[in-house]
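Here is the structure we will look at, set down as structure tokens.
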Amino acid sequence: MNIIIFGPPGIGKGSVSGLLKDKYRVPHISTGNIFRESSDKRIRHYLEKGLLVPDEDVMRVVEKRLKEKDCQNGFILDGFPRTLEQAGFLEEKGVKISIVLNLLGDTDVIVARLSGRLICPKCGAIYHIRNIKPKKKGICDKCGTELVHRKDDQPDVVRNRIDVYRKQTKVLIEYYRKRNLLVDIQADGQLSDVVNNITAVIEDKV
Ligand code: AMP
Numbered sequence: 080m081n082i083i084i085f086g087p088p089g090i091g092k093g094s095v096s097g098l099l100k101d102k103y104r105v106p107h108i109s110t111g112n113i114f115r116e117s118s119d120k121r122i123r124h125y126l127e128k129g130l131l132v133p134d135e136d137v138m139r140v141v142e143k144r145l146k147e148k149d150c151q152n153g154f155i156l157d158g159f160p161r162t163l164e165q166a167g168f169l170e171e172k173g174v175k176i177s178i179v180l181n182l183l184g185d186t187d188v189i190v191a192r193l194s195g196r197l198i199c200p201k202c203g204a205i206y207h208i209r210n211i212k213p214k215k216k217g218i219c220d221k222c223g224t225e226l227v228h229r230k231d232d233q234p235d236v237v238r239n240r241i242d243v244y245r246k247q248t249k250v251l252i253e254y255y256r257k258r259n260l261l262v263d264i265q266a267d268g269q270l271s272d273v274v275n276n277i278t279a280v281i282e283d284k285v
């Protein structure tokens with residue numbers, strides 16, 4: 080099952096993909112995560128500036144990753160494609176997409192969610208001021224490190240990131256809708272409901 084997942088920052092793509100990955104036994108491939116781990120100075124430059132990495136670099140990385148053994152039964156692509164060229168590349172290479180999940184959410188709900196988010200700078204655990212409180216205020220349950228609020232989770236920054244996402248993704252949404260592959264999923268509710276809806280759609284469509 081070859082899945083593409085779209086969704087604005089903060090909608091919970093990571094959590095949804097994590098659950099789908101276990102359920103369907105396919106890897107979750109996030110190009111953002113791959114690039115964040117890169118030590119290549121040129122790539123780091125694009126990330127630090129918040130710019131898209133050039134298509135040729137992204138396509139090279141994705142092509143290599145999709146050839147790995149764990150992708151034989153499929154994959155969940157998150158963060159790719161970001162441009163029409165990248166979408167065309169998948170088509171040229173004969174990569175058949177089974178379904179494109181378009182996670183939708185209200186901007187105000189996402190902003191409220193992210194502006195209360197706390198993360199552990201050491202182990203990456205995620206908490207929330209109201210919804211997922213750590214046992215001891217401001218301290219990570221798992222490793223005891225002091226939790227921080229990410230700079231790019233501030234309300235203004237979040238709104239801007241969501242705006243940029245919507246503008247960038249519009250053409251891709253149209254591209255996959257035309258090909259009858261796109262399914263809209265309301266995703267600003269409970270994670271378990273979102274995953275149940277997705278599972279039902281996948282079982283019906285794929
Ligand atoms: P993300 O975590 O998906 O927001 O990605 C973080 C950063 O990685 C982006 O701001 C881009 O610089 C880069 N990146 C990730 N995926 C792509 C892609 N498909 N095309 C170009 N740049 C990408």
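According to this note's numbering, the sequence shown holds residues 80 to 285 in order. Ideal placement from N, C-alpha and C gives every residue a C-beta, glycine not left out.
How big is the Cα-Cα spacing for residue i and residue j?
i      : j      : result
ARG238 : ASP101 : 31 Å
GLY217 : GLY184 : 28 Å
THR291 : ILE252 : Limits of the chain in this structure are 80 at one end and 285 at the other, which puts residue 291 out of reach.
GLU116 : ASN276 : 32 Å
VAL274 : LEU99  : 8 Å
ILE198 : GLY97  : 18 Å
LEU260 : LYS214 : 43 Å
ASP119 : LEU126 : 11 Å
ASP317 : ILE82  : Missing from the structure shown is residue 317; the chain here goes from 80 to 285 and no further.
ILE211 : LYS201 : 18 Å
LYS246 : ASP232 : 19 Å
GLY153 : VAL105 : 6 Å
TYR103 : HIS207 : 28 Å
GLY223 : GLY86  : 32 Å
GLY195 : ARG240 : 16 Å
ARG256 : VAL262 : 8 Å
If we define contact as Cβ-Cβ less than 9 Å, is residue i a contact residue for chain B?
i      : result
ILE211 : Going by chain labels, chain B is absent from the structure shown, which holds only one protein chain.
Say the cut is 8 Å; is the CB of residue i nearer than that to a heavy atom of the ligand AMP?
i      : result
PRO88  : yes
ASN112 : yes
THR296 : Outside the shown range of the chain (80 to 285) lies residue 296, about which nothing can therefore be said.
TYR103 : no
TYR125 : yes
ASP157 : yes
GLY129 : yes
Could you have a look at residue i and say whether DSSP puts it in helix, strand or coil?
i      : result
LEU251 : helix
GLN165 : helix
PHE159 : coil
ASP267 : coil
LEU145 : helix
ASN62  : Absent from the model: residue 62. The displayed extent of the chain is 80 to 285, so no value can be given.
ASN181 : strand
VAL262 : strand
ILE287 : Because residue 287 is not part of the residues shown, which for the chain are 80 to 285, the question remains open.
ILE211 : coil
ILE277 : helix
ILE176 : coil
May I ask which residues mark the beginning and end of the alpha helix (DSSP H) holding residue i?
i      : result
ARG196 : Not the alpha helix (DSSP H): ARG196 falls in the beta strand (DSSP E), residues 196–198.
VAL95  : 92–103
ILE108 : Unbroken run through ILE108 is the beta strand (DSSP E), 107–109; no alpha helix (DSSP H).
GLU116 : GLU116 -> no alpha helix (DSSP H), and no H or E assigned at all.
Starting from residue i, trace the beta strand (DSSP E) in both directions and tell me its first and last residue.
i      : result
ILE84  : 81–85
HIS228 : Element bounds for HIS228: n/a, residue is neither H nor E.
ILE205 : 205–207
State whether the segment 103–118 contacts the segment 157–169, with contact taken as three or more CB pairs (one from each stretch) at a distance under 8 Å. Output reads yes: the segment 157–169 touches the segment 103–118.
Give a yes or no on contact between the segment 223–242 and the segment 142–153, applying the rule of three or more CB pairs nearer than 8 Å. With a cut-off of 8 Å, the segment 142–153 and the segment 223–242 do not count as touching, because too few Cβ pairs lie within range.
Examine the Cβ distances between the segment 87–98 and the segment 159–173 and report whether three or more of them are shorter than 8 Å. no
So, do the segment 171–181 and the segment 128–137 have three or more beta carbon pairs nearer to each other than 8 Å? Judged by Cβ distances under 8 Å, the segment 171–181 makes no contact with the segment 128–137, as fewer than three pairs qualify.
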